[in-house]
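Just so we're aligned, residue 1 is where the sequence shown starts under this note's numbering, counting upward by one.
These notes concern the structure reproduced below.
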Amino acid sequence: MSLIAASANAGERVPDHPRGYVCSKSIARPTIDGSLDEPAWRETRFSEPFVDIEGDAKPRPEFDTKVKLLWDNDYLYIGARLVEPNVWGVLTEHDSVIFYDNDFEIFIDPDGDRQKYYEIEVNALATVWDLFLPRAYRDGGSAIDAWEVPGLKVATRVDGTINRFDDQDEGWTVEIAIPWRALAEPGGAAGSPPRNGDQMRINFSRVEWRTRTTANSLVKIPGRREENWVWSPQGAVDMHRPEMWGYVQFSTKPAGTVAFTPDPTHEARMRLIRLYELENEYRERHEEFTNSLETLGLDNLGLEARDRMPRIVLRHGDFDASLDVDRPASKRKTRVHVRSDGRIWDEAIEE
Numbered sequence: 001m002s003l004i005a006a007s008a009n010a011g012e013r014v015p016d017h018p019r020g021y022v023c024s025k026s027i028a029r030p031t032i033d034g035s036l037d038e039p040a041w042r043e044t045r046f047s048e049p050f051v052d053i054e055g056d057a058k059p060r061p062e063f064d065t066k067v068k069l070l071w072d073n074d075y076l077y078i079g080a081r082l083v084e085p086n087v088w089g090v091l092t093e094h095d096s097v098i099f100y101d102n103d104f105e106i107f108i109d110p111d112g113d114r115q116k117y118y119e120i121e122v123n124a125l126a127t128v129w130d131l132f133l134p135r136a137y138r139d140g141g142s143a144i145d146a147w148e149v150p151g152l153k154v155a156t157r158v159d160g161t162i163n164r165f166d167d168q169d170e171g172w173t174v175e176i177a178i179p180w181r182a183l184a185e186p187g188g189a190a191g192s193p194p195r196n197g198d199q200m201r202i203n204f205s206r207v208e209w210r211t212r213t214t215a216n217s218l219v220k221i222p223g224r225r226e227e228n229w230v231w232s233p234q235g236a237v238d239m240h241r242p243e244m245w246g247y248v249q250f251s252t253k254p255a256g257t258v259a260f261t262p263d264p265t266h267e268a269r270m271r272l273i274r275l276y277e278l279e280n281e282y283r284e285r286h287e288e289f290t291n292s293l294e295t296l297g298l299d300n301l302g303l304e305a306r307d308r309m310p311r312i313v314l315r316h317g318d319f320d321a322s323l324d325v326d327r328p329a330s331k332r333k334t335r336v337h338v339r340s341d342g343r344i345w346d347e348a349i350e351e
């Protein structure tokens, strides 16, 4: 059951707003060598520590993980520090299933529509798996492993000794530069650097396997699943819920001088994603969608006032549902849409 569905059964509490991070424009291009000690990185704050992928329902992660970001006109820069007493890695072939090792993962949805998004996984050996997803798995999508990030730069650095188990390490860092132009292929968005104040949906994950070590070897503990630790919690063991990813807000101002601005459409988006789930449940039973909110169950949508109810338009066997969000300061509204393939987007409308 998804976080949205679970919250509906408990009075439909909308999930908390995802985490936000203000990403400052770098005045100097970092050298991608796995070190985060350069002046540009030192002046940039780390994120909050990662939490369990399910959020507060689970204990805090055993080992600390934090990430920081920078940008310039050519690249998005990502640096992460992972505390790890025994750093290891065995996968050396590009596009291996990297999460079979302990790893660090990046998820980017440039235009925030839950579709055409990117995933990059890296282990401590700096082996990369990069893939593109036209749609999330639960929306019927599948990964395109053959996609590559043209111009990607990746480096790692181990504070200790990798694949040696008779000592204790401090951990490892990873440093990544993603060209903006790469995010236009094949997603068709964000091929240019952001503007001041722009926001992008991004999340970060760390996969950690429980292991036993001896002086000469390390083995995964049989029967134990991997731990999944993330920057912004997903509410379920599933990173492929882009609507739950965090927000990275880009700034041209000095680091620490700009506050993050929450997304005013967050609640509407969560309501519409719930409607999308209910529509698909209805279609499984009746082989068609419905435009009746009463049939879907108003209680499940958590809506009370009539003027805040979504509109559902059926067309050629599909649906488009929308919900308006007031913007009193600008005397305008934003209309948020979700359609039957799971895509979600918004448009400005005049009152």
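Positions of the beta carbon are idealized from the N, C-alpha and C atoms, including for glycine.
- For residue 162, the CB contacts under 7 Å within the same chain, skipping 5 residues up- and downstream, are 87, 88, 89 and 124 in chain order.
- With respect to the 8 Å criterion, residue 338 and residue 273 are classified as neighbours on the basis of their beta carbons.
- Between the region 35 to 55 and the region 229 to 237, the count of Cβ pairs shorter than 8 Å is three or higher; the stretches touch.
- Exclusion of the five residues before and after residue 95 leaves 129 and 145 as the residues of its chain whose Cβ lies within less than 6 Å of its Cβ.
- 8 Å or more divides the Cβ of residue 79 from the Cβ of residue 156.
- Contact holds between the region 312 to 325 and the region 252 to 271, because three or more Cβ pairs, one in each stretch, are under 8 Å apart.
- In terms of Cα proximity to residue 28, the closest of 83, 13 and 74 is 74.
- Around the beta-carbon of residue 201, 16 or more other beta-carbon atoms lie within 10 Å, marking it buried.
- Judged by DSSP in its simplified three-state form, residue 80 adopts strand.
- The C-beta of residue 183 has 16 or more other C-beta atoms within 10 Å across all chains shown, which makes the residue buried.
- Using a C-beta cut-off of 8 Å, the region 203 to 223 makes no contact with the region 169 to 182, since fewer than three inter-stretch Cβ pairs fall below that distance.
- The C-beta distance from residue 282 to residue 296 rounds to 6 Å, short enough to fall under 8 Å.
- In this chain, the beta strand (DSSP E) harbouring residue 134 covers 128 to 135.
- Counting along the chain, no alpha helix (DSSP H) covers residue 215, and no H or E run does either.
- If the five residues before and after residue 345 are omitted, its C-beta is found closer than 7 Å to the C-beta atoms of 113 and 337, all from its own chain and listed in chain order.
- Per the C-alpha coordinates, the member of 208, 242 and 317 positioned closest to residue 85 is 208.
- DSSP, reduced to helix, strand and coil, places residue 27 outside both helices and strands of the structure shown, so it counts as coil.
- Residue 288 sits exposed, since fewer than 16 C-beta atoms from the chains shown fall within 10 Å of its C-beta.
- Its chain contains 282 as the residues whose beta carbon lies nearer than 6 Å to that of residue 290, once the 5 sequence neighbours on both sides are disregarded; these appear in chain order.
- Counting only residues of its own chain and dropping the five nearest sequence neighbours on each side, residue 269 has a CB closer than 7 Å to the CB of 243, 336 and 344.
- Residue 200 sits in a strand when the DSSP states are folded into three classes.
- In this structure, 225 is the residue among 247, 225, 259 and 160 with its C-alpha nearest to the C-alpha of residue 211.
- Nearest C-alpha to residue 116 among 141, 105, 103 and 36: 141.
- About 7 Å separates the beta carbon of residue 120 from that of residue 149, a gap short enough to meet the 8 Å contact definition.
- With fewer than 16 other CB atoms across the displayed protein chains lying within 10 angstroms of its CB, residue 93 is exposed.
- Annotated as distal: residue 61 and residue 245, with beta-carbon spacing of 8 Å or more.
- Contact check for residue 174 and residue 104: beta-carbon distance about 5 Å, within the 8 Å limit, so the pair qualifies.
- Counted as a single uninterrupted DSSP element, the beta strand (DSSP E) harbouring residue 118 occupies residues 115 to 122.
- With respect to the 8 Å criterion, residue 69 and residue 206 are not classified as neighbours on the basis of their beta carbons.
- The Cβ atoms of residue 260 and residue 14 do not sit closer than 8 Å to each other.
- In this structure, residue 71 places its C-beta atom within 8 Å of the C-beta atom of residue 194.
- Residue state for residue 240 is assigned as coil, using DSSP reduced to three classes.
- Annotation for residue 316: no alpha helix (DSSP H) segment contains it, and DSSP assigns it neither H nor E.
- Residue 70 sits in a strand when the DSSP states are folded into three classes.
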